[in-house]
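All remarks here apply to the structure that follows.
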Amino acid sequence: MKQIITRKLKKNALTIAITLAAAGSIFVVAAYNGSQMGPGPSEKEKGPAASTQAHQPERGEGKPASSSNTTLLSQVAVQLTAAQSYQAQVTGYGETKPRFELSYTSEISGRITWLADSFESGRVVKKGELLARLDDTSFQQAVSQAKADVATARLALLEEQREGEQARSEWQRSGLSGEPSSPLVLREPQLASAEAALENAQKSLEKAERDLQYTEIKAPFDGVVVSRNVQLGSFINVGGEVAMLYSVDRIEIEIPLSEKQWANLPQAVMNAGNGTDAATDTDNSDSAQQWHATIKATGSDTTQGQQWSAYVERTHQYVAKDTRQRSLVLVVEKPLEQGAPLYPGTFVEATIEGMTLDYLWELPSSARSQQGEIWTVDAQGLLQKSTAHTLFERQNKIYVTPTEEAELAQVVKRPLSNFKAGMKVVPTTEEL
Numbered sequence: 002m003k004q005i006i007t008r009k010l011k012k013n014a015l016t017i018a019i020t021l022a023a024a025g026s027i028f029v030v031a032a033y034n035g036s037q038m039g040p041g042p043s044e045k046e047k048g049p050a051a052s053t054q055a056h057q058p059e060r061g062e063g064k065p066a067s068s069s070n071t072t073l074l075s076q077v078a079v080q081l082t083a084a085q086s087y088q089a090q091v092t093g094y095g096e097t098k099p100r101f102e103l104s105y106t107s108e109i110s111g112r113i114t115w116l117a118d119s120f121e122s123g124r125v126v127k128k129g130e131l132l133a134r135l136d137d138t139s140f141q142q143a144v145s146q147a148k149a150d151v152a153t154a155r156l157a158l159l160e161e162q163r164e165g166e167q168a169r170s171e172w173q174r175s176g177l178s179g180e181p182s183s184p185l186v187l188r189e190p191q192l193a194s195a196e197a198a199l200e201n202a203q204k205s206l207e208k209a210e211r212d213l214q215y216t217e218i219k220a221p222f223d224g225v226v227v228s229r230n231v232q233l234g235s236f237i238n239v240g241g242e243v244a245m246l247y248s249v250d251r252i253e254i255e256i257p258l259s260e261k262q263w264a265n266l267p268q269a270v271m272n273a274g275n276g277t278d279a280a281t282d283t284d285n286s287d288s289a290q291q292w293h294a295t296i297k298a299t300g301s302d303t304t305q306g307q308q309w310s311a312y313v314e315r316t317h318q319y320v321a322k323d324t325r326q327r328s329l330v331l332v333v334e335k336p337l338e339q340g341a342p343l344y345p346g347t348f349v350e351a352t353i354e355g356m357t358l359d360y361l362w363e364l365p366s367s368a369r370s371q372q373g374e375i376w377t378v379d380a381q382g383l384l385q386k387s388t389a390h391t392l393f394e395r396q397n398k399i400y401v402t403p404t405e406e407a408e409l410a411q412v413v414k415r416p417l418s419n420f421k422a423g424m425k426v427v428p429t430t431e432e433l
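Residue numbering for the sequence shown follows this note's numbering, starting at 2 and increasing by one per position.
Right, dumping it as structure tokens:
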């Protein structure tokens, strides 16, 4: 009996579930059809205000379609530029070097017996100052021997002169006419030999005296001792290096320049070292020595930023093989007596005043793009580009040949990589 009741309950539950599923499907279909139909009467009564509110865009959606027709133009900073005349500046780099770099070698062999206190590396010495002495005993003896040889040769010459006079007297007393058949009769060859012997003895004396002088090692010019290669008691051979000396009367700086830089220099500088420099043309006010330059230390030197006055002393009349450039040479007189001493081996930047050039634009360095172009804005507000022909640079400014004929050009100060010729922009003027 219980099994029959249980089967009936399961059958009724299944029937109820099927009925509920069918009712849900009918409800979904009805809801879908209702959404496809127009608004009911209650919605129409709400009027235009309600309809407008329903179509307002939500946050995050785009602007109305009507605003898509409006294009926002980019603003660019420009500088109003007019062509003017400017004095060119030529900038180059080089290393200061002494006028003379001498590896001082010994003329004789000997042992060092004395050294001057000033003969130390880094010390400044004067021309003719005694630096060291060599043992001169053998050289004193050589001088004495040479003097004796001179005396002997002089005596031999006097005797030969007397013999020659006696021989001529005998020939004349002989009554023979004319000259003897052999010069030996009048002792002429013997006399010439005696004269040559005396001359040789005198030259030997000069050499011995000069070698004796070489036992005293003296500074050949005002200079600084870079290194000393001998010690007290050391033996030095002929040609052995005694010291390395740098002259201190002036400093020279060799500055290589490109052809473009040479074109900005006046003719007075171009001719320096070609017979028209100051050393030979002191009356010419345009001579190279009158053409000044300014140099300042660069790199990590302790004198970085300090300046010195120099002048163009000469120019190289050849092109260097390694750099394929010509160089000019600047000179600083008495470098160690300057307010800030200028030492050999200092790396410097040299600025040389050049010619006055007409019809140039003065622009900030930022106006030249990475591609080497200058961008301008024309009267219609369109971007235009052209290659920058830079003649020289000075203090973060460039001086270029104008790229257009307008009296007042709008030059873009900071061109962007996405610029395109013909792009419409809004120029904003900024001062230089």
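Idealized CB from N, CA, C, for every residue including glycine.
Proximity below 9 Å, CB of residue i to CB of residue j
i      : j      : result
GLN326 : VAL320 : yes
ALA89  : LEU392 : yes
VAL91  : LEU358 : no
GLY382 : PRO428 : yes
VAL225 : ARG124 : yes
SER387 : THR377 : yes
GLY234 : ILE353 : no
LEU159 : ALA198 : no
LEU116 : PRO221 : no
ARG169 : LEU187 : yes
VAL426 : VAL77  : yes
ALA264 : GLN307 : no
Contacts around residue i, its chain only, beta-carbon distance under 7 Å, and the 5 residues preceding and following it disregarded
i      : result
THR283 : Bear in mind that the predicted position of THR283 carries a pLDDT of just 39, short of 50, making it unreliable; the figure below should be weighed with that in mind. Cβ neighbours of THR283 beyond the five flanking positions: none.
ARG229 : PHE120, GLU121, SER122, ALA244
LEU81  : LEU409, GLN411, THR430
LEU343 : THR97, ILE252, TRP309, VAL333, PRO336
GLU432 : none
TYR360 : ALA84, PRO403
LYS219 : GLY129, GLU130, LEU131, LEU132
Anticipated Cβ contact below 8 Å, residue i with residue j, distance rounded
i      : j      : result
THR106 : GLU217 : 15 Å between Cβ atoms; not a contact.
PRO345 : THR97  : 5 Å
GLY111 : ILE237 : 7 Å
ALA442 : ALA294 : The structure shown does not extend to residue 442, since the chain spans only 2 to 433, so no value can be given for it.
ILE109 : TYR247 : About 24 Å; that fails the 8 Å criterion.
VAL79  : LYS322 : Actually they do not touch by this definition, with Cβ atoms about 46 Å apart.
VAL231 : ALA133 : 7 Å
Nonlocal neighbours in the same chain, by C-beta distance under 6 Å from residue i, ignoring five residues either side
i      : result
ALA280 : Reliability of the predicted coordinates at ALA280 is poor, the pLDDT of 40 falling under 50, and the value obtained from them is presented with this limitation in mind. Nothing meets the Cβ criterion.
PHE348 : GLU96, THR299, GLY300
ALA55  : Confidence in ALA55 is poor, its pLDDT being 37 and thus under 50, which makes the residue's placement too unreliable to answer from.
VAL227 : MET245, TYR247
VAL144 : ALA209, GLU210, LEU213
GLY93  : ILE256, LEU258, ALA351
ALA380 : none
GLU164 : ARG188
GLU46  : Confidence in GLU46 is poor, its pLDDT being 41 and thus under 50, which makes the residue's placement unreliable; the coordinate value appears in the next sentence. Closer than 6 Å at the Cβ level, and outside the excluded window around GLU46, lies no residue.
MET38  : The predicted model places MET38 with a pLDDT of 41, which falls under 50 and marks its position as unreliable; any figure quoted below should be read in that light. Around MET38: no qualifying Cβ.
GLY35  : Low confidence applies here, because GLY35 scores a pLDDT of 45, under 50, leaving its location unreliable; read the following figure in that light. So no residue of the chain qualifies.
ILE296 : TRP309, ALA311, VAL349, ALA351
GLN262 : VAL91
Counterpart residues of residue i in DSSP-defined beta bridges
i      : result
GLN90  : GLU354
PHE393 : TYR400
ARG315 : VAL330
MET424 : Looking at the DSSP assignment, MET424 forms no beta bridge with any residue, so it has no partner.
TYR215 : According to DSSP, which records beta bridges pairwise, TYR215 is partnered with nothing at all.
ALA143 : Beta-bridge pairing links ALA143 to no other residue.
TRP376 : LYS386
GLU363 : TYR400
GLU242 : THR106
GLU253 : LYS98, VAL332
ARG229 : ALA244
Spatial neighbours of residue i in its chain, beta-carbon cut-off 8 Å, leaving aside the 5 residues before and after
i      : result
ASN419 : none
MET424 : SER75, LEU383, LEU384
TRP172 : PRO181, VAL186, LEU187
GLU374 : LYS386, SER387, THR388, ALA389, PRO416
PHE101 : PHE222, GLY224, LEU246, TYR247, SER248
GLN141 : LEU213
ILE27  : Note that ILE27 has pLDDT 43, beneath the 50 cutoff, so the model's placement of it is unreliable and no number is given.
Proximity test, residue i beta-carbon vs the ligand HEM heavy atom, cut-off 8 Å
i      : result
GLU405 : Ligands displayed in this structure: none; no statement on the ligand HEM is therefore possible.
Can you find at least 3 beta carbon pairs, one from the region 126 to 146 and one from the region 359 to 372, that sit closer than 8 Å? no
For the structure I just gave you, are there three or more beta carbon pairs, one from the region 148 to 164 and one from the region 246 to 256, closer than 8 Å? no
Using 8 Å as the threshold, is the region 186 to 193 in touch with the region 204 to 214, meaning 3 or more CB pairs across them? no
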